[in-house]
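> Input: one structure, supplied below.
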Amino acid sequence: MEYIYAALLLHKAGKKVDEESLRKVVEAAGITPDLPKIKSLATALAEINIDEVLKQAAAVPAAPIAAATQAPATETPSAASAAKPKEEKKEEEKEEALSGLSALFG
1 MEYIYAALLL HKAGKKVDEE SLRKVVEAAG ITPDLPKIKS LATALAEINI DEVLKQAAAV
61 PAAPIAAATQ APATETPSAA SAAKPKEEKK EEEKEEALSG LSALFG
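So the sequence shown is numbered by the UniProt record's numbering: it starts at 1 and just counts up by one.
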């Protein structure tokens, strides 16, 4: 990613985006340059209009995450009826536990 940032920085400054410039920027950032990566990036960017790519990227809105925007699902009747027996069972267990404690104190 640092190589892309270096290329964008050079482009923004109006400098030529080539192997030597990329290497200098990466080294100035305190990063040991990976020369094969720099060479392949410089070669790829030589064929690309960076301004056009940036305009296209800015024009494309980010897609919303579908799960975050969906309304919560309503409870189905079968799910509601399945939850009732569990609630009733918990209440019965609480009552039994309380009645057992009350027997200790008369």
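From the three backbone atoms N, C-alpha and C, an ideal C-beta is built for every residue, glycine too.
Could you tell me whether the region 31–38 touches the region 46–54, using the rule of 3 or more Cβ pairs below 8 Å?
no
> Can you confirm whether the region 51–60 touches the region 23–34 when touching is taken to mean that 3 or more C-beta pairs between the two stretches lie within less than 8 Å?
no
> Locate the alpha helix (DSSP H) running through Val25, then write down its first and last residues.
Val25: member of the alpha helix (DSSP H) spanning Glu19 to Ala28, first to last residue.
> Count the other CB atoms within 10 Å of the CB of Ala44; is the residue buried (16 or more) or exposed (fewer)?
Looking at its Cβ environment, which holds fewer than 16 other Cβ atoms inside 10 Å, Ala44 is exposed.
> For Tyr3, count neighbouring C-beta atoms within 10 Å of its own C-beta (all shown protein chains included) and say buried if the count is 16 or more, exposed if not.
buried
> At which residues does the alpha helix (DSSP H) containing Thr43 begin and terminate?
Leu35 to Ala46
> Going by the beta-carbon positions, is the gap between Ala42 and Val25 smaller than 9 Å?
No, the Cβ-Cβ distance between Ala42 and Val25 is not below 9 Å.
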